[in-house]
Each structure stands twice: as C-alpha cells, then as structure tokens.
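**Q** Dropping a structure here in structure tokens format, bear with me for questions.
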Amino acid sequence: MARDSATRDTLIDATIQIMVDEGYAAATSRRVAAEAGVKPALVHYYFPTMDDLYLNVFRRGAAAYLERQQRALASDRPLHAFWDTLIEPKDTRLLLEFMGLANHRKEIRTEIAAWSERWREMQITALNFIVREHGLDTGDFPPAGLAVILAAVGRMLILEQALGATTGHAEAVALVSRIVDRFEMPS
0 MARDSATRDT
10 LIDATIQIMV
20 DEGYAAATSR
30 RVAAEAGVKP
40 ALVHYYFPTM
50 DDLYLNVFRR
60 GAAAYLERQQ
70 RALASDRPLH
80 AFWDTLIEPK
90 DTRLLLEFMG
100 LANHRKEIRT
110 EIAAWSERWR
120 EMQITALNFI
130 VREHGLDTGD
140 FPPAGLAVIL
150 AAVGRMLILE
160 QALGATTGHA
170 EAVALVSRIV
180 DRFEMPS
C-alpha cells in the first residue's frame with residue numbers, strides 16, 4: 000500500500016505549526032498526531048523516527064525558502080525583495096527552532112549547514128552582481144559580508160520581537176531600508 004502523501008503533508012504541516020507556536024520540544028509524535036487529527040502510530044508509519052519527521056519539515060521549508068529567495072533575487076528590486084524574505088517572522092521562528100534542535104541532533108545540524116551554504120552562495124552571487132552593477136569595489140563592499148549582515152539583522156529583529164523586545168527595531172529597519180534604497184530607489 001502506498002503511503003498517502005496528503006496524510007504525510009498534514010503531519011508535516013502540524014509539526015510546523017507546533018514548532019512555530021510552541022517550540023520544537025512540543026512537537027512530539029503524540030502532539031503532532033493530535034494536531035493532525037490522526038492516531039500516534041501513523042506518525043511513525045510515515046516517519047520512523049522523529050528526526051525523520053524533523054528533517055522532512057526542514058527540507059520542505061528550506062526548499063520553499065530557496066524558491067522565494069530565488070524569486071526575490073531575480074526580481075526588479077532584488078535587494079528589497081531579499082530583505083523582505085529575511086524579515087518574515089514565521090520563517091525565522093521556524094529556523095530558530097531548528098537551530099535549537101540542531102544543538103542536540105548532529106544529522107539535523109549537518110542538514111541545516113548544507114542548506115545554509117546553498118542559500119548563502121545564491122545570496123553572494125546576486126549581491127556580487129548588484130555591487131558591481133553599482134560600480135562599488137567588492138573589497139570595500141564584500142558580497143559575502145553584506146549577505147551575512149543583512150541576514151543577521153533580519154534574524155535578530157525576529158528573535159527579539161519573539162521575546163517582546165523591540166527597542167531600536169524601527170530605526171534598524173529604517174536604516175536598512177535607506178541603505179537598500181541607495182541601490183534601488185523605490186518605484
């Protein structure tokens with residue numbers, strides 16, 4: 000009997016929701032089953048271990064993020080679109096949960112590192128083109144450094160917002176927006 004992909008997708012969706020709302024520690028097989036409206040044994044039918052489930056959740060989210068990043072970087076205003084992907088709260092909250100999980104699970108840490116390298120390579124390629132297109136010296140404005148700084152600011156904003164700390168956030172967003180506007184004036 001073929002495994003039903005709709006049930007599999009429902010289990011992944013339930014896991015994502017739990018991880019975003021309550022954290023990775025709450026995403027147990029019983030909790031995922033309850034959220035998905037299935038019996039706990041079905042979770043293990045589709046995913047023999049919780050790590051299998053977590054990896055599938057991560058891979059789905061990583062592939063979707065990679066597609067969004069590709070569209071952003073290929074858009075008419077790639078820096079603005081890229082910045083928008085970096086400050087998407089749900090994506091960042093889920094990634095932060097996976098980073099916490101990766102502290103305890105080597106296989107997940109390895110998977111996150113591999114995807115992170117793919118994301119960063121794509122960012123660097125696009126930023127290299129943008130920096131050169133604007134006649135800037137890549138020694139003064141290294142694309143790899145710009146990619147890390149933009150990602151770090153975006154993630155920190157989301158992390159602090161989740162904690163309830165927002166002092167300086169509006170100013171940081173405005174500052175990044177002004178910098179990005181220097182490269183891509185608003186339409």
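The numbering of the sequence shown is numbering that gives the first Met the number 0, which starts it at 0 and goes up by one.
Even for Gly, the Cβ is constructed at its ideal location relative to N, Cα and C.
Given the structure is predicted, the values throughout are model-derived calculations rather than measurements.
1. In the structure shown, what three-state DSSP assignment does Ile15 receive?
2. State the Cα-Cα distance for the pair Gly163 and Ile157, rounded to the nearest angstrom.
3. My assumption, with CB atoms under 8 Å, is that Thr14 sits in contact with Leu52. Please give the rounded CB distance.
4. What is the DSSP secondary structure of His168, counted as helix, strand or coil?
5. Report yes if the CB atom of Arg92 is closer than 7 Å to the CB atom of Val19, and no otherwise.
6. Quick one: is Pro142 buried, meaning 16 or more other Cβ sit within 10 Å of its Cβ, or exposed?
7. I need the DSSP call for Asn102, collapsed to helix, strand or coil.
8. Taking the C-alpha atoms as reference points, what is the distance between His103 and Asp50?
9. To which residues of the same chain is Arg154 closer than 7 Å at the C-beta, ignoring the five residues directly before and after it?
**A** On the basis of the data shown:
1. Start at 1 with the first residue of the sequence shown, and residue 15 comes out as number 16. Here Ile15 sits in helix by DSSP.
2. The residue labelled residue 163 in the question sits at position 164 within the sequence shown. The residue labelled residue 157 in the question sits at position 158 within the sequence shown. Distance between the alpha carbons of Gly163 and Ile157: 10 Å.
3. Position 15 of the sequence shown, counting from 1, holds the residue named residue 14. Position 53 of the sequence shown, counting from 1, holds the residue named residue 52. Right, their Cβ atoms sit about 6 Å apart.
4. Position 169 of the sequence shown holds residue 168. In the displayed model, His168 falls within a helix according to three-state DSSP.
5. Translated into positions along the sequence shown, residue 92 becomes position 93. Translated into positions along the sequence shown, residue 19 becomes position 20. Yes.
6. Along the sequence shown, read from residue 1 onward, the residue named residue 142 stands at position 143. Answer is buried; the Cβ neighbour count reaches 16.
7. The residue you call residue 102 lines up with position 103 of the sequence shown. Residue state, collapsed to three classes: coil.
8. Position 104 of the sequence shown, counted from the start, is the residue given in the question as residue 103. Position 51 of the sequence shown, counted from the start, is the residue given in the question as residue 50. Taking the straight line joining both Cα atoms gives about 11 Å.
9. In the sequence shown, residue 154 corresponds to position 155, counting from 1. Only Thr91 meet the Cβ criterion.
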